[in-house]
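Asker:
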Amino acid sequence: MNRKKSIELLDLMYRIRFFEERTMKLFREGLIVGALHHYIGEEAIAVGACATAEEDDYVVSTHRGHGHCIAKGADLKRMMAELMGRETGYSKARGGSMHIFSIEEGLLGGNGIVGGGLPIALGSALSGQYRDSGQVTLCFFAEGAAARGTFHESLNLASLWKLPVVYICENNLWAATTYINYSLPIENIGDRASAYGIPGKVIDGNDVEKVYDTVDEAVKRARAGKGPTLIECKSFRHHPHCMVIPDTRPQDEVMEWKKKDPIPRFEKRLLGKKVITKTEMEKIRGKVNNMLDEAEEFGRKSSVPGVETVAEGLWA
Ligand SMILES: Cc1ncc(C[n+]2csc(CCOP(=O)(O)OP(=O)(O)O)c2C)c(N)n1
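If you want my numbering, it's the position in the sequence shown, counting the first as 1, plus 9.
#1: Can you find a heavy atom of ligand 1 that lies under 8 Å from the Cβ of THR257?
#2: For LYS171 and PHE160, I'd like the C-alpha separation in whole angstroms.
#3: Among GLY43, PRO173, PHE36 and TYR48, which has the Cα closest to the Cα of TYR67?
#4: Would SER168 and ILE112 qualify as a contact pair, given that the criterion is a beta-carbon distance under 9 Å?
#5: Is HIS72 near ligand 1, with its Cβ less than 8 Å from a heavy atom?
#6: Rounded to the nearest angstrom, what separates ALA58 and VAL297 at their Cα positions?
#7: From which residue to which residue does the beta strand (DSSP E) around LEU147 run?
#8: Between the segment 134 to 145 and the segment 218 to 232, can you find at least three pairs of beta-carbon atoms closer than 8 Å?
#9: For the alpha helix (DSSP H) holding GLU306, just list the boundary residues, first then last.
#10: Should TRP183 go down as buried or exposed, given a rule of 16 or more other Cβ atoms within 10 Å for buried?
#11: Counting pairs of beta carbons, one from the segment 111 to 125 and one from the segment 73 to 83, are three or more of them closer than 8 Å?
#12: Give me the Cα-Cα distance between ALA204 and GLU17, rounded to the nearest whole angstrom.
#13: How many Å lie between GLY199 and ILE240 at the Cα?
#14: Taking the alpha carbon of ASN165 as the reference point, which residue from LEU131, ASP302 and ILE122 has its own alpha carbon closest?
#15: Once you ignore the five residues that flank MET89 on each side, which residues in its own chain have a CB closer than 7 Å to its CB?
#16: Given a threshold of 16 other Cβ atoms within 10 Å of its Cβ, counted over all protein chains shown, does GLY322 qualify as buried or as exposed?
#17: Using only the alpha-carbon positions, how far apart do LEU40 and LYS292 sit?
#18: Cα-Cα, which of LYS282, GLY43, HIS247 and PRO255 is closest to GLU51?
#19: What alpha helix (DSSP H) runs, 4 residues minimum, are completely inside the segment 54 to 111?
#20: Look at the Cβ atom of ILE54, then the Cβ atom of GLU179, and state whether they are nearer than 9 Å.
#21: Look at the alpha carbon of LYS86 and the alpha carbon of THR32, and state the distance between them as a whole number of angstroms.
#22: With distance defined between alpha-carbon atoms, name the residue in ASP213, LYS219, TYR221 and ARG157 nearest to LEU193.
#23: Take ASP313 and list the residues in its own chain whose beta-carbon comes closer than 8 Å to its own, dropping the five residues that flank it on each side.
#24: In whole angstroms, give me the CA-to-CA distance for GLU218 and VAL319.
#25: Let me know the alpha helix (DSSP H) ranges lying completely inside the segment 167 to 199, each 4 residues or longer, listed in chain order.
#26: Per the DSSP calculation, THR238 is bridged to which residue(s)?
#27: What is the DSSP secondary structure of ILE122, counted as helix, strand or coil?
#28: Rounded to the nearest angstrom, what separates PRO273 and MET290 at their Cα positions?
#29: Is DSSP giving LYS210 helix, strand or coil here?
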């Protein structure tokens, strides 16, 4: 991976991490309401995967979707405004954290329904194939969704029709408060690929370069008309399921995974290879912090939609 690309990936990982930290602060201040699921600890997956996509490729996200949106190029100001319930937000405050949608950026939305994104990705992949547009769909979901029927139905059809879609399973081991052993009888979700006759990979989801290389190969395969790939990325979220649920996970497990934090790990690798200096890193962090200051300010200054607009966007 060249220097420019490496720095771009690090920059995006900072954007996600700092965005998430800022939203925690705003939630505590009461400026963000509703469910807020943080992606901290999993940044390498969204960033590595989305960096392989073209601008007009599609991304289908989840309830834990801020990282996917930022990695695909969403505007931090409009995202923050959406979370703060302002009219300048991506969905004019109709969606909030879980429903950031932007067709211009190829973001086909987060989803409050676990496994709800899989059939949507099937549709967008079919659309890309039908129009012969060359567009690929990246479909993110987590291990909880791999136990749903939508997973089977989607992968079955996608394989049968050789649709241009890459399935990226973010396995963070816990579905809310349920440990993976209670809901899945196998260790690797990636192994299920063979049941659909497609390639399956099981990778370290905290290694951004590994994610990039693996998804890149799958995207090229999909674009060449050879069909889907299932990629399981092993990772962990650093924080509880969402802001209003206390952490029920063993704290020693959380501490162990924090040692594998994808950001310091990538920083260390880049410093070791002399791709970047500590001063340059500080500079990027400063820039991202400023962007977040601006996003917060934008949200604070934007108005809440007027009650007279409540029916806008609804079909009569
Ligand atoms: C169909 C459905 N069932 C249950 C829920 C409640 N719920 C919300 S998030 C969640 C856990 C999801 O776990 P996973 O898919 O592994 O994603 P993670 O939160 O770990 O990223 C559950 C059960 C839901 N939103 N949708």
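All residues carry an ideal CB built from backbone N, CA and C; glycine is no exception.
It should be emphasised that the depicted structure is a prediction, and the values quoted were computed from it without experimental measurement.
Answerer: Put simply:
#1: THR257 Cβ: outside cutoff for every heavy atom of ligand 1.
#2: Computed Cα separation, rounded: 16 Å.
#3: Out of GLY43, PRO173, PHE36 and TYR48, the CA that lies nearest to the CA of TYR67 is found in PRO173.
#4: No; because the gap between Cβ atoms is not below 9 Å, this pair is not in contact.
#5: Yes.
#6: Rounded to whole angstroms, ALA58 to VAL297 spans 21 Å at the Cα level.
#7: Residues 146 to 151.
#8: The segment 218 to 232, when compared against the segment 134 to 145, does touch it at the 8 Å Cβ threshold.
#9: Note, GLU306: alpha helix (DSSP H), 287 to 310.
#10: In the assembly as shown, TRP183 is a buried residue. Its beta-carbon has 16 or more other beta-carbons within 10 Å.
#11: Counting Cβ pairs under 8 Å, three or more are found: they touch.
#12: Here the alpha carbons of GLU17 and ALA204 stand approximately 36 Å from one another.
#13: One Cα belongs to GLY199, the other to ILE240, and the distance between them is close to 6 Å.
#14: Minimum Cα distance to ASN165 is reached at LEU131.
#15: Excluding positions up to five away in sequence, the list reads ALA304, GLU305, PHE307 and GLY308.
#16: The residue in question, GLY322, is exposed, as its Cβ has fewer than 16 Cβ neighbours within 10 Å.
#17: Going by the C-alpha atoms only, they are around 29 Å apart.
#18: Closest in alpha carbon position to GLU51, among LYS282, GLY43, HIS247 and PRO255, is HIS247.
#19: Here the runs fully enclosed are 75 to 80 and 85 to 92.
#20: In this structure, ILE54 places its C-beta atom within 9 Å of the C-beta atom of GLU179.
#21: Rounded to the nearest angstrom, the two C-alpha atoms are 12 Å apart.
#22: If we check each option's Cα against that of LEU193, ARG157 comes out closest.
#23: First, the amino acid is wrong: residue 313 is Val here, not Asp. These residues qualify, in order along the chain: GLY94, ARG95, GLU96 and ALA102.
#24: GLU218 and VAL319: Cα-Cα distance of roughly 45 Å.
#25: With a minimum length of 4 residues, the continuous alpha helix (DSSP H) runs that stay inside the segment 167 to 199 are 189 to 192.
#26: Partner(s): VAL175.
#27: DSSP places ILE122 outside both helix and strand once states are collapsed to three, so it counts as coil.
#28: Taking the straight line from one Cα to the other gives about 11 Å.
#29: LYS210 carries a strand assignment under DSSP once its states are collapsed to helix, strand and coil.
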